[in-house]
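*Asks:* Input: one structure, supplied below.
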Amino acid sequence: MTVSKTAKPSRVRDCYMANQHAGHVRTPKGFTWHHDGANPGTLQLVDSSMHNAFPHSGGVSVIKEQLKNG
Numbered sequence: 001m002t003v004s005k006t007a008k009p010s011r012v013r014d015c016y017m018a019n020q021h022a023g024h025v026r027t028p029k030g031f032t033w034h035h036d037g038a039n040p041g042t043l044q045l046v047d048s049s050m051h052n053a054f055p056h057s058g059g060v061s062v063i064k065e066q067l068k069n070g
């Protein structure tokens, strides 16, 4: 799932859009939408325990920095 890089990052909006795109009413239990830092604007549905095991800044911070610096 890819979200617009020109829009101000919003975890809530991005996850809502990703769920709609994937045909989910809400994020499936035990999973987390991850903002891919290597490909800003891309969301990946990953196992929550794996996501929480690796502290990181995530793609939202990358997109915010890109928007700030033009």
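If you count the sequence shown from 1, position 51 lands on 51 in full-length UniProt numbering, and the numbers rise without skipping. We put the CB at the ideal spot given by N, CA and C, even for glycine.
Return helix, strand or coil for His35, following the three-state DSSP convention.
*Replies:* Residue numbering aside, residue 35 sits at position 35 when the sequence shown is read from its first letter. In the structure shown, His35 sits in a strand (DSSP, three-state: E or B).
*Asks:* For the candidate residues Met17, Gln44, His21 and His24, whose alpha-carbon lies nearest to that of Thr32?
*Replies:* Looking up residue 32 in the sequence shown gives position 32. Nearest option by C-alpha distance: Gln44.
*Asks:* Just to confirm, are Asn19 and Arg26 a CB contact at a threshold of 8 Å?
*Replies:* Residue mapping note: residue 19 aligns to position 19 of the sequence shown, counting from 1. Residue mapping note: residue 26 aligns to position 26 of the sequence shown, counting from 1. Yes, the pair counts as a contact, with Cβ atoms nearer than the cut-off.
*Asks:* Throw me the rounded Cβ distance for the residue 81 and Ser48 pair, which I believe falls under 8 Å.
*Replies:* There is no way to answer for residue 81, as the model of the chain reaches only from 1 to 70.
*Asks:* So, are the CB atoms of His51 and His34 less than 8 Å apart?
*Replies:* Counting from 1 along the sequence shown, the entry for residue 51 is found at position 51. Counting from 1 along the sequence shown, the entry for residue 34 is found at position 34. Yes. Within cutoff.
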